[in-house]
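For reference, the structure discussed in these notes is given below.
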Amino acid sequence: MGHPPLASPRTPPTAALSPSIAAAQKRTLTVLLVSQVLSGAGLAAGVTVAGLLAGQMLHDTSLSGLPIALLTAGSAGAAVVIGRVSQRLGRRPGLAAGYLTGALGGAGVVVAAALGSPALLFVSLFLYGAGTTSNLQARYAGADLAPPHQRARATSTVIVVTTAGGIAGPLLAAPAGHLATTLHLPALTGLFLLSTVAFTLAALTLLVWLRPDPLVLARALPAASDEGAPALFPSRPGPGLLVGVVVLVLSQLVMVAVMTMTPIHLHAHGFGTAASGLVIALHTGSMYLPSPLAGHLVDRFGATAMSVVTAGTLLAAGVVAALAPGRSISLIALALVLLGVGWNFGLVTGTAIVTDSTPLATRAKVQGLVDVAIALAGAAGGLASGVVVASASYPVLAVLCGALAFVAAPAAIVAARKRFARA
């Protein structure tokens, strides 16, 4: 006998959205897609050249990991603020404020490099993390007006287009570097110039065209529904909220931990940066491209089933990574692809559970806190991965992460059974 999904059933609801609300949802998704492509390009600088720039300015490569830590801390802090602003004023000002803060951080990095100021660099990188948060929280805006049986697909649509900007950004590193040198700036600041412009355009896109605000409009839906129609949103927190957080946090922790140490593992077995770059590129693509499939599966089969699939995929990734011979680039690449797919399934599934389990009165604020937990999980995974590999090995790390990810499966099943028993 099957178990029911964790949150609202993934079947067509009795009440359909009115044509005006459906049109507003279509407009919301269109505007979000444009802003995500722009902001996706803006994310490239932090990942691609922040560490190199810090090492160059500090003349100490041992501190090259500090920028990622600052970006993570900044994104965690921004998640709280953006969530609260969105809760009070709507998605449009909340997300736009995050992008503008990220743009300010990007401009600050350029100025810091020009002046040779490490202190300004660190502050700017912290602010830059806000752009990352807005890019991630935009997925929630895509689900605000979607009916229950389409929320996961709406979320996944917003997520997948980040791939376009994420791929385009690094490819523009060379021309952006040439532009920077033309302006008598360090070449490594080129991508941060691009990010400043990209984040600013993403903010302006939302401020000008994200009207009506999806969260503000969603709050009026229960009152505007046809008489006798069921509410499309919960009036109080659902029992699956904690499971949604568990799925999101474990997916992030496991993904970051294994991904962080894979290039080091490859280097230890004689592979160069080209091989590592290929594996990470395949991994990055697998993190975002499966989003439409993940959204369809969640809407079709429910969050409980997809929580189990997420856990199983991440476990498989850990097992393949652990068993792959150090010289087998193909098996390691397969493990990283599975890792990316598992993370994507976890992001879409967990987001759907959190959205379905949170009332509109507190939704944006709760979602902001959830993203804080995600950011902290990523930081913990990155820090712990080095310790585990140094004290044991990469295969041990991979197996431990796979086993940890599988905790989400029984948690989802138990929560579904409890909900079914109360029904």
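Numbered according to my numbering, the sequence shown spans residues 142 to 564. Heads up, the beta-carbon is just placed ideally off N, CA and C, and yes, glycines get one too.
request  = Return helix, strand or coil for S216, following the three-state DSSP convention.
outcome  = helix
ask   = Once you ignore the five residues that flank S265 on each side, which residues in its own chain have a CB closer than 7 Å to its CB?
value = Excluding sequence neighbours, S265 sits near G246, G249, V250, A253.
ask   = Between S532, V548, S526, which lies nearest to A539 when the distance is taken from Cα to Cα?
value = S526
key: Same chain, Cβ closer than 7 Å to D354, neighbours up to 5 away in sequence not counted   = G231, R232, R233
message = Could you give the first and the last residue of the continuous alpha helix (DSSP H) run that contains G257?
response = Where G257 is concerned, there is no enclosing alpha helix (DSSP H), given that its DSSP letter is neither H nor E.
key: Whole beta strand (DSSP E) elements within the region 310–350, 3-residue minimum   = Counting whole runs of 3 or more residues, the region 310–350 contains no beta strand (DSSP E) stretch at all.
query = Taking the alpha carbon of T403 as the point to measure from, which residue in I209, V537, A344, G235 has its own alpha carbon closest?
reply = V537
query = Helix, strand or coil: how does DSSP classify T499 here?
reply = coil
query = How many Å lie between G235 and A458 at the Cα?
reply = 36 Å
key: Environment of L286 [buried if 16+ CB atoms lie within 10 Å]   = buried
inquiry  = Checking 8 Å against the spacing of the C-beta atoms, do A191 and I209 come in under that value?
reply    = yes
query = What did DSSP end up calling S180 once you bin it into helix, strand or coil?
reply = helix
request  = Measure how close the beta-carbons of L455 and V299 come, nearest whole angstrom, since I'm counting them as under 8 Å.
outcome  = 22 Å between Cβ atoms; not a contact.
query = Can you tell me the Cα-Cα spacing of F388 and L488, whole angstroms?
reply = Here residue 388 turns out to be Val, not Phe, going by the sequence shown. So the two alpha carbons sit approximately 8 Å from each other.
query = Is DSSP giving D512 helix, strand or coil here?
reply = helix
task = Tell me the start and end of each unbroken alpha helix (DSSP H) in the region 393–452 that is at least 4 residues and wholly inside, in chain order.
result = 414–429, 432–442
ask   = How many Å lie between G369 and A361 at the Cα?
value = At G369, the pLDDT of 40 sits below 50, so the modelled position is not reliable; the number obtained from the coordinates is stated separately. Rounded to whole angstroms, G369 to A361 spans 16 Å at the Cα level.
ask   = Hey, how far is the Cα of G453 from the Cα of A550?
value = 8 Å
inquiry  = Under DSSP, the alpha helix (DSSP H) around V357 begins and ends at which residues?
reply    = 355–360
inquiry  = Within 10 Å of its beta-carbon, does G418 have 16 or more other beta-carbons around it, so buried, or fewer, so exposed?
reply    = exposed
inquiry  = Using only the alpha-carbon positions, how far apart do V478 and R468 sit?
reply    = 17 Å
ask   = Alpha carbon to alpha carbon, how far is V555 from L545?
value = 17 Å
ask   = Roughly how far, in whole angstroms, is the beta-carbon of V386 from the beta-carbon of A514, given that I think they are within contact range, below 8 Å?
value = 6 Å
ask   = Would L193 be called buried (16 or more neighbouring beta carbons within 10 Å of its own) or exposed?
value = exposed
task = My understanding is that L313 touches L335, with C-beta atoms under 8 Å, so please give their C-beta distance in whole angstroms.
result = 6 Å
query = Do you know how far the Cα of Q291 is from the Cα of P371?
reply = With a pLDDT of only 45 at P371, under 50, the local geometry of the prediction cannot be trusted, and the value read off the model is given with reservation. Using only the alpha carbons, I get a separation of about 16 Å.
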